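A quick write-up on the structure given underneath.
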Amino acid sequence: MKTRLRFFIASVLLLGAFSLVLFNSCKNKCGSTTCQNGGTCSSNVCICPTGYSGNACQIGWSDPVIGTYVCKREDCHPAVSGVNSWQSAVTKDATDGGFTVDISDFDNSNITVVATVDSAINGVSKVKVTAATGSGISASGTYANGVMNLTFTTAVGGVGSYTCDMVLTKQ
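And the structure:
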C-alpha cells in the first residue's frame, strides 16, 4: 500500500513539474519566437525593453561595445603630460547588462566609470558616462565600427581640471 501511495505522489509531482515547465516555456512565445530579456509579445512581434533589440530582444545595446581597447588621450586643454596611451576593458555593468557598461582604467587613472550606450542609429551608438568611482569625470561621445570617441572633463589626478578627447580602439 505504501509503495502505491508513493508511486501516486511521485506521479502527481512529476506531472505537476512537467506542466509547470511546459507553461513557462510557452508564456513568452511570440509566434515562432521566444521574447528574451523581459520582452513582451504584441501582434506576434517582440516589444523589447530599453537596452535590448533584435527580433527576440536578444541583443543588448552594449554587446558590440564589450571588449579590450587601446586608448589614446589627445588634444587636452590645458596640456597634460605623462603617458597618453594605455589599455582599458569595457564590460557589462552588473546593474543593467542591456545598455550599461563599465570602462576600467578610465584616463589611465585606475578609475572605473559607468557609461550608458544608446541604441545605434546608422551604425553609430551614443555613449555617455553616467557615474564614476572617482568624482569629477564627465564624458560623452560615440561608438562605431570598434572605435569609441569620447570627450571628457576631469579633475582627477591632482593636475587641476582639464578637457581631452580620447580614442578607444577595440582589439
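Going by this note's numbering, the first residue of the sequence shown is number 7, and it counts up by one from there. Glycine included, C-beta positions come from ideal geometry on N, C-alpha and C. These figures come from a predicted structure and were not determined experimentally.
Check, Outcome
"Through-space distance from Gly37 to Ser49, alpha-carbon basis", "9 Å"
"From Ala121, Ser131, Ala126, residue whose alpha carbon lies closest to that of Phe158", "Ala121"
"Three-state class that DSSP yields for Val76 in the structure shown", "strand"
"Assumed close pair Ser94, Lys78 - CB separation to whole angstroms, cut-off 8 Å", "Not really, about 11 Å apart at Cβ, beyond 8 Å."
"Three-state class that DSSP yields for Asp113 in the structure shown", "coil"
"Through-space distance from Ser146 to Lys176, alpha-carbon basis", "17 Å"
"6 Å CB neighbourhood of Thr97 in its chain, flanking five on each side removed", "Asp108"
"Where Val182 sits in the DSSP three-state scheme", "Here the chain comprises residues numbered 7 to 177, so residue 182 is not present and cannot be evaluated."
"CB-CB length for Ile53 against Gly60, believed under 8 Å", "12 Å between Cβ atoms; not a contact."
"Supposed contact pair Ser110 and Thr118 - C-beta distance, whole angstroms, cut 8 Å", "5 Å"
"Rounded straight-line distance, which links the Cα of Ser87 to that of Asp99", "31 Å"
"Helix, strand or coil at Asn155 [DSSP, three-state]", "strand"
"Backbone secondary structure at Asp124 - three-state DSSP", "coil"
"Local Cβ density within 10 Å of Ser167, reported as buried at 16 or more and exposed below that", "exposed"
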